[in-house]
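Take a look at the structure below.
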């Protein structure tokens with residue numbers, strides 16, 4: 001049996017504690033979960049925006065988001081060039 | 089549904105438009121734009137231009153050159169049109185603009201090092217950044233060298249020229265790069281920089297090692313390779329306008345001289361270049377060993393201010409003597425040899 005299968009079995013049997021179980025504050029957990037949901041939505045892993053962030057689904061936000069992303073890509077895509085002359 | 093599609097596209101386009109405006113604004117402050125402005129306002133009395141890459145830009149002091157011109161009151165008014173990180177294609181474009189603005193130029197002084205005179209022009213997308221974006225300002229003429237007889241290649245440069253975020257794409261990259269270097273240096277010793285960039289980076293301009301240098305020179309000498317197309321075009325252009333063309337082997341650091349120019353292959357290469365120069369009625373000046381002190385260089389290839397003054401003064405004296413001779417000449421180690429072909 002592989003290590004992965006062993007760890008899966010142990011987890012199913014409840015022998016391994018989930019790392020987040022050490023977090024004592026439910027509000028912190030909820031915030032982390034919301035942030036995860038937020039980035040999942042931005043990364044297109046979820047179809048619905050997190051609660052309270054319905055603006056993310058608006059066409060205006062989408063336009064800003066993709067425009068800024070394209071701009072950032074254009075700005076940073078020169079990193080691999082042989083860029084040794086800089087006008088100081 | 090249409091609204092959900094078109095509104096984001098329209099907003100993204102507006103942001104891209106703003107990015108283009110930002111790039112166009114940043115590009116106004118670049119060295120290539122400054123040179124273009126200098127070309128557009130070239131003084132009518134200009135009769136000598138220095139042309140080449142950063143070796144010329146750093147190494148030619150026009151004032152010292154004029155002062156050293158030893159033919160009495162007929163010293164030419166010299167202008168340094170060198171532009172760092174450029175190739176003969178950009179140099180041709182610069183010279184052409186200079187002749188368009190000022191047709192009375194009498195002397196064109198072209199500085200080079202290593203195998204620069206024979207290297208084929210390379211204008212692929214990833215190369216045309218920084219000062220090489222000068223090629224986008226004159227797409228038709230540049231495409232004639234990069235993609236000869238290709239309408240598609242010409243069209244590609246023309247289309248790129250119209251969009252600042254493509255043609256001037258590196259204008260903001262330098263700021264990103266400076267920021268990245270600042271982050272790199274946190275907790276680390278600062279790297280030495282000069283007016284062109286990080287001193288250590290310029291080692292990359294030299295041949296990687298002796299075998300690769302020998303191989304490059306051998307390939308040129310054995311194939312009896314001629315001057316590259318843009319250099320040939322510059323020589324023809326100068327002759328068309330009745331100007332004298334000087335090829336100057338630029339001063340190299342003692343380390344470069346010892347490592348590369350002391351090799352027998354460089355003697356063969358030089359002899360080959362000199363014979364090509366003779367064929368083209370061009371004067372060849374061997375100035376690579378004129379500056380012998382390493383303290384006169386600010387990195388492995390560029391002269392510093394005192395080195396530039398010394399070299400330019402000697403160049404002025406030498407060329408003033410050569411220019412009075414009707415035939416092409418060769419100069420080695422400052423001792424003039426006149427060849428009557």
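Protein chains in written order, with our numbering: chain S, 1 to 88; chain W, 89 to 429.
C-beta: ideal position from N, C-alpha, C; glycine also.
Note that the coordinates shown come from a computational prediction; the quantities given were computed from them, not determined experimentally.
Considering only DSSP beta bridges, list what residue 124(W) is partnered with. Position 36 of the second chain, counting from 1, holds the residue named residue 124(W). Residue 124(W) is not bridged to any residue.
I'd like to know whether the C-beta atoms of residue 364(W) and residue 314(W) end up nearer to each other than 8 Å. Mapped onto the second chain, residue 364(W) falls at position 276. Mapped onto the second chain, residue 314(W) falls at position 226. For the 8 Å CB-CB criterion, residue 364(W) and residue 314(W) form a contact.
Could you please give the first and the last residue of the uninterrupted alpha helix (DSSP H) stretch that includes residue 234(W)? For this step, residue 234(W) is matched to residue 146 along the second chain. Per DSSP, the unbroken alpha helix (DSSP H) holding residue 234(W) starts and ends at 227-234.
What does the alpha-carbon distance come out to for the pair residue 138(W) and residue 150(W)? For the purposes of this step, residue 138(W) is taken as residue 50 along the second chain, with counting starting at 1. For the purposes of this step, residue 150(W) is taken as residue 62 along the second chain, with counting starting at 1. Here the C-alpha atom of residue 138(W) lies approximately 8 Å from the C-alpha atom of residue 150(W).
Contact set between residue 95(W) and chain S, taken where Cβ atoms lie within less than 9 Å: As a first step, residue 95(W) is located in the second chain; it is residue number 7 there, counting from the start. Proximity of chain S to residue 95(W) at the Cβ level (cut-off 9 Å) is accounted for by 58, 59, 60, 62 and 63, in chain order.
In angstroms, rounded to a whole number, what distance separates the CA positions of residue 383(W) and residue 309(W)? By one-based count along the second chain, residue 383(W) stands at place 295. By one-based count along the second chain, residue 309(W) stands at place 221. As the crow flies, the alpha-carbon of residue 383(W) is around 33 Å from that of residue 309(W).
Residues from the stretch 324-346 of chain W in contact with chain S, defined by Cβ distance under 8 Å: Listed by position along the chain: nothing, the set is empty.
Report the three-state DSSP secondary structure of residue 91(W) (helix, strand or coil). Start at 1 with the first residue of the second chain, and residue 91(W) comes out as number 3. Helix at residue 91(W).
Report the three-state DSSP secondary structure of residue 275(W) (helix, strand or coil). Along the second chain, read from residue 1 onward, the residue named residue 275(W) stands at position 187. The DSSP-derived three-state label of residue 275(W) is coil.
Determine, using beta carbons only, whether residue 107(W) comes closer than 8 Å to chain S. Here residue 107(W) refers to the residue found at position 19 when the second chain is read from its first residue. Contacts with chain S at 8 Å (Cβ-Cβ) include residue 107(W).
Backbone CA spacing between residue 69(S) and residue 60(S) [nearest angstrom]: Position 69 of the first chain, counted from the first residue, corresponds to residue 69(S). Position 60 of the first chain, counted from the first residue, corresponds to residue 60(S). Going from the Cα of residue 69(S) to the Cα of residue 60(S) covers about 14 Å.
So residue 181(W) packs on residue 222(W), CB below 8 Å; how close in whole Å? Reading the second chain from its first residue, position 93 is the one you call residue 181(W). Reading the second chain from its first residue, position 134 is the one you call residue 222(W). So it is a contact: roughly 6 Å between Cβ atoms.
Residues near residue 71(S) in its chain [Cβ-Cβ closer than 8 Å; skip 5 each side]: Against the first chain, residue 71(S) aligns to sequence position 71. Excluding residues within five positions, none has a Cβ falling inside 8 Å.
Nearest CA to the CA of residue 121(W): which residue from 229(W), 407(W), 172(W) and 263(W)? Residue mapping note: residue 121(W) aligns to position 33 of the second chain, counting from 1. It is 172(W).
Is the CB-CB distance between residue 26(S) and residue 37(S) below 8 Å? Stepping through the first chain from its first residue, residue 26(S) is reached at position 26. Stepping through the first chain from its first residue, residue 37(S) is reached at position 37. It is not a contact, given that the beta carbons lie outside the stated cut-off.
Pick out the complete beta strand (DSSP E) segments inside the stretch 98-142 of chain W, 3 residues or longer, and give them in chain order. Assignment of beta strand (DSSP E) within the stretch 98-142 of chain W, counting only whole runs of 3 or more residues, yields 134-139 in chain order.
Within chain W, the residues that residue 43(S) reaches when beta carbons sit closer than 7 Å: For the purposes of this step, residue 43(S) is identified with residue 43 of the first chain, where counting begins at 1. Residues of chain W with a Cβ closer than 7 Å to the Cβ of residue 43(S) do not exist, since the nearest Cβ in that chain sits about 17 Å away.
State yes or no: is the beta carbon of residue 99(W) nearer than 8 Å to at least one beta carbon in chain S? Taking the first residue of the second chain as position 1, residue 99(W) is located at position 11. For residue 99(W), the answer is yes, since a Cβ of chain S falls inside 8 Å of its Cβ.
Per DSSP, which residues does residue 165(W) bridge with? Please list them. Here the question's residue 165(W) lines up with position 77 in the second chain. 134(W).
Residue 119(S) at chain W interface by Cβ criterion, 8 Å: Past the boundaries of the shown model lies residue 119(S); chain S is included only from 1 to 88, so the question cannot be answered.
What are the boundary residues of the alpha helix (DSSP H) that includes residue 308(W)? Here residue 308(W) refers to the residue found at position 220 of the second chain. From DSSP, the alpha helix (DSSP H) with residue 308(W) extends over 298-310.
Identify the contact partners of residue 34(S) in chain W, using a Cβ-Cβ distance below 7 Å as the criterion. As a working note, residue 34(S) is residue 34 in the first chain. Near residue 34(S) there are no residues of chain W at all, since even the closest Cβ is about 24 Å away, more than 7 Å.
Own chain, CB closer than 7 Å to residue 354(W), minus 5 neighbours either side, in chain order: As a working mapping, residue 354(W) is identified with position 266 in the second chain. The answer, listed in chain order, is 305 and 348.
Residues near residue 332(W) in its chain [Cβ-Cβ closer than 8 Å; skip 5 each side]: The residue you call residue 332(W) lines up with position 244 of the second chain. Answer for residue 332(W): 194, 195, 196, 326, 371 and 411, listed in chain order.
Residue from 29(S), 53(S), 39(S) and 58(S) with nearest C-alpha to residue 94(W): In the second chain, counting from the first residue as 1, residue 94(W) sits at position 6. Nearest C-alpha to residue 94(W): 58(S).
Can you give the beta carbon distance from residue 211(W) to residue 140(W), rounded, assuming they're within the 8 Å contact cut? Taking the second chain and counting its residues from 1, the one referred to as residue 211(W) is at position 123. Taking the second chain and counting its residues from 1, the one referred to as residue 140(W) is at position 52. Residue 211(W) to residue 140(W), Cβ: 18 Å. No contact.
Determine the burial state of residue 426(W): buried for a count of at least 16 other Cβ atoms within 10 Å of its Cβ, exposed for fewer. Translated into positions along the second chain, residue 426(W) becomes position 338. Residue confidence for residue 426(W) is low, a pLDDT of 40 falling below 50, so the modelled location carries little weight; the figure read from the coordinates is stated next. Residue 426(W) should be labelled exposed.
Sequence-distant residues of the same chain with beta carbon closer than 8 Å to residue 63(S), five excluded per side: Here residue 63(S) refers to the residue found at position 63 of the first chain. Answer for residue 63(S): no residue qualifies.
Output the residue ranges of the alpha helix (DSSP H) runs that lie fully inside the stretch 194-256 of chain W and measure 4 residues or longer, sorted by chain position. The qualifying runs are 222-225, 227-234, 239-250 and 252-255.
Could you name the residues of chain S that residue 169(W) contacts, counting a contact when the two beta carbons are closer than 9 Å? Sequence index remark: in the second chain, residue 169(W) carries index 81 (1-based). None at all; the shortest Cβ gap to chain S is about 17 Å.
Which class does residue 332(W) belong to by DSSP, given the choice of helix, strand or coil? As a position in the second chain, residue 332(W) is number 244, starting the count at 1. Look at residue 332(W) here: in three-state DSSP terms it is strand.
Through-space distance from residue 373(W) to residue 361(W), alpha-carbon basis: Here residue 361(W) refers to the residue found at position 273 of the second chain. Here residue 373(W) refers to the residue found at position 285 of the second chain. So the two alpha carbons sit approximately 11 Å from each other.
Cβ neighbours of residue 318(W) in the same chain (closer than 6 Å, five flanking residues each side left out): Your numbering for residue 318(W) matches position 230 in the second chain. Excluding positions up to five away in sequence, the list reads 176, 177, 180, 209 and 233.
DSSP three-state assignment for residue 286(W), whether helix, strand or coil: Stepping through the second chain from its first residue, residue 286(W) is reached at position 198. DSSP, reduced to helix, strand and coil, places residue 286(W) within a strand of the structure shown.
Could you give the distance in angstroms between the alpha-carbon of residue 192(W) and the alpha-carbon of residue 162(W)? Position 104 of the second chain holds residue 192(W). Position 74 of the second chain holds residue 162(W). Residue 192(W) and residue 162(W): Cα-Cα distance of roughly 14 Å.
On the three-state DSSP scale, how would you describe residue 264(W)? Within the second chain, numbered from 1, the residue matching residue 264(W) stands at position 176. Residue 264(W): helix per DSSP, three-state reduction.
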